[in-house]
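Residue numbers (our numbering), protein chains in the order written: chain A, 1 to 203; chain B, 204 to 406.
All residues carry an ideal CB built from backbone N, CA and C; glycine is no exception.
Nothing here was measured: the structure is a model prediction, and the numbers come from that model.
Protein chains: 2
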Amino acid sequence: MGDSQSDIRTKIIAAAQKAIAELGVSNTTLQVIADGAGISKGSLYYYFKTKDSILYSVVDEDFRISRTIMQQYRAGKLDKRQLRAAIIAGLKERLEKKSENRLHLYLAHEAMLGNQELMVSYQAKYADWVKDIAEGFSIAFDVPNSSWTRLLAFFFICTMDGWCMQDLLEISTVPKKDAVRIISAIFSDEKKAEIMKSLMEDK
Amino acid sequence: MGDSQSDIRTKIIAAAQKAIAELGVSNTTLQVIADGAGISKGSLYYYFKTKDSILYSVVDEDFRISRTIMQQYRAGKLDKRQLRAAIIAGLKERLEKKSENRLHLYLAHEAMLGNQELMVSYQAKYADWVKDIAEGFSIAFDVPNSSWTRLLAFFFICTMDGWCMQDLLEISTVPKKDAVRIISAIFSDEKKAEIMKSLMEDK
DNA sequence: GTCTATAAAGGGATAGAC
DNA sequence: GTCTATCCCTTTATAGAC
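Written as structure tokens, this is what we have:
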């Protein structure tokens with residue numbers, strides 16, 4: 001395993017990630033991070049120049065880890081039918097990862113507050129997502145990958161982000177199971193898939 | 204007009220609202236609020252006991268003001284056709300009100316961070332929204348108001364929240380106009396409305 | 001009622017001993 | 001490399017003059 005140098009860096013980033021997911025960016029102090037990493041506040045400055053540089057490392061790590069379903073598909077690990085199932089499974093999985101959703105929203109919040117560097121990172125990330133998901137829809141619904149699949153992908157992402165938000169606010173106006181079932185149906189039920197197809201093909 | 208007592212209270216709340224929409228909750232200091240209201244920091248404490256009590260007043264005011272389209276419909280000010288048009292117009296309008304969307308997201312963020320009182324407010328607010336929008340869909344698409352219209356309303360709200368988020372992050376992976384056009388089509392185009400209807404009616 | 005002055009606490013960042 | 005001590009700044013909140 002790597003030298004202890006980068007080992008501690010990793011610990012710091014992990015501690016920061018955990019703290020941000022729990023407390024938000026602005027409530028995550030250097031003291032909290034240091035405690036979480038098991039070192040002193042002063043030692044943090046041996047590994048990172050500023051608090052912001054820790055934040056950026058957390059974002060980089062967060063983006064690096066996320067492996068998309070489409071990457072698996074392109075790697076030939078999934079056929080078309082498995083892809084459709086994987087989309088639904090991926091959706092369910094994401095809703096369950098509360099801590100990751102928190103982190104995502106809190107970092108996005110920080111970007112919205114005027115952090116240009118973060119904002120640019122997110123713009124690139126969302127562009128990737130739309131591209132990937134549009135490709136997935138094109139295959140799953142057997143329609144050409146056009147501006148329509150991109151639009152559907154955009155709405156899909158919006159829905160997921162808003163859903164996560166309500167989930168974190170512990171809003172349960174509708175049963176989560178029912179909502180998942182609808183999405184499931186659209187992707188796995190042939191009849192509903194046909195309807196979606198007609199919505200997309202129809203000018 | 205009311206006495207100057209509540210007049211200044213109103214000024215403080217307005218200043219706080221503006222500051223929060225621009226800077227977020229945690230960057231909105233008492234100094235910023237006092238400056239915005241044209242009084243001194245010390246005077247704030249004559250009107251509000253704590254910083255949090257100002258925050259709660261901002262939320263109350265924010266929720267009090269929002270008039271829904273359905274309230275107009277119920278008051279007999281809109282017929283069914285106007286309602287459908289009003290839904291689209293309302294959607295466009297909301298996307299344009301960046302400052303209000305900021306405020307909404309920033310306050311929601313504050314609630315997520317563990318502010319129970321705020322969270323309960325939001326839960327009630329979202330429950331109202333789902334109820335209203337489901338009723339609107341039931342009328343607009345001419346289907347019974349059931350758990351399906353509630354689910355559609357839920358997804359609609361999720362989409363709008365996620366859309367607003369991307370808007371504030373200045374993410375433009377798809378042209379905003381195209382996205383609005385799709386929603387428009389679903390509500391105003393008879394053929395697409397039929398498709399939506401079949402999606403909802405079909406078990 | 002409104003202000004200024006100030007207390008009390010906590011944040012990021014640095015210096016320097018070890 | 002890691003720590004403690006400390007600096008400097010900002011924040012909320014209070015005290016007390018006017």
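Between the beta-carbon of Leu105 of chain A and that of Leu168 of chain A there is about 7 Å, and that keeps the pair under the 8 Å contact cut. The three-state secondary structure of Asn101 of chain A, taken from DSSP, is helix. Unbroken alpha helix (DSSP H) runs of no fewer than 4 residues, entirely contained in the segment 30-113 of chain A, are found at 30-37, 41-47, 51-65, 69-74, 80-96 and 98-112, following chain order. In this structure, Ile13 of chain A lies away from Ser53 of chain A, with their beta-carbon atoms at least 8 Å apart. In summary, the residues of the segment 318-349 of chain B whose CB is separated from some CB of chain A by less than 7 Å are Met322, Tyr325, Gln326, Tyr329, Ala330 and Val333, in the order they occur in the chain. Here the C-alpha atom of Ala288 of chain B lies approximately 10 Å from the C-alpha atom of Asp282 of chain B. Distance from the CA atom of Gly241 of chain B to the CA atom of Leu258 of chain B, rounded to whole angstroms, is 18 Å.
Judged by beta-carbon spacing, Leu83 of chain A lies within the 8 Å limit of Gly136 of chain A, meaning their Cβ atoms are closer than that value. Between Gly38 of chain A and chain B, the shortest Cβ-Cβ separation is not below 8 Å.
Shown here, Ser207 of chain B sits in a helix according to DSSP, grouped into three states. Looking at the backbone, the Cα of Gln17 of chain A and that of Gly279 of chain B are separated by about 52 Å. Taking C-beta separations shorter than 8 Å and ignoring five residues to either side along the sequence, Thr232 of chain B has no partners in its chain. When rounded, the separation of the alpha-carbon atoms in Phe155 of chain A and Lys197 of chain A is 15 Å. Taking Tyr325 of chain B as reference, the option from A:Ile88, A:Glu170 and A:Ala127 with the minimal CA-CA separation is A:Glu170.
Distance from the CA atom of Ile291 of chain B to the CA atom of Ala237 of chain B, rounded to whole angstroms, is 39 Å.
The beta-carbon of His307 of chain B is placed no less than 8 Å from the nearest beta-carbon of chain A. Shown here for Asn101 of chain A: same chain residues with a beta carbon closer than 6 Å to its own, the five before and five after excluded, namely Cys164 in chain order. Close to Asp178 of chain A, with beta-carbon spacing below 8 Å, are these residues of chain B in chain order: Ser350 and Leu354. Residue-level contact check: Gln166 of chain A touches chain B, since one or more beta carbons of chain B fall below 8 Å from its beta carbon.
Taking CB atoms only, Leu372 of chain B has a neighbour in chain A less than 8 Å away. Counting the other CB atoms within 10 Å of its CB gives Asp142 of chain A a total below 16, which places it among the exposed residues.
Boundaries of the alpha helix (DSSP H) around Asp370 of chain B: Ser350 to Leu371. For the segment 251-281 of chain B, no residue has a beta-carbon sitting nearer than 7 Å to a beta-carbon of chain A. In terms of Cβ geometry, Phe266 of chain B and Lys328 of chain B form a close pair [threshold 8 Å]. For the segment 82-99 of chain A, there are no residues whose beta carbon sits under 7 Å from a beta carbon of chain B. Here Gln208 of chain B is exposed. Its C-beta has fewer than 16 other C-beta atoms within 10 Å. Here Arg150 of chain A is buried: its Cβ has 16 or more other Cβ atoms, across all protein chains shown, within 10 Å. CA-CA distance, Ser302 of chain B to Ile223 of chain B, rounds to 10 Å.
Counting every other CB atom within 10 Å of its CB across the protein chains shown gives Gly365 of chain B a total of 16 or more, marking it as buried. Using a Cβ-Cβ cut-off of 8 Å, Ala108 of chain A counts as an interface residue toward chain B, since at least one Cβ of chain B sits closer than that to its own. Within chain A, no C-beta atom comes less than 8 Å from the C-beta of Ala222 of chain B; the nearest is roughly 12 Å away. Buried is the label assigned to Gln166 of chain A, since at least 16 other Cβ atoms lie within 10 Å of its Cβ. Rounded to the nearest angstrom, the Cβ distance from Lys177 of chain A to Ala185 of chain A is 12 Å, too far for a contact under 8 Å. If you look at Ser229 of chain B, you'll find it isn't in any alpha helix (DSSP H); DSSP assigns it neither H nor E.
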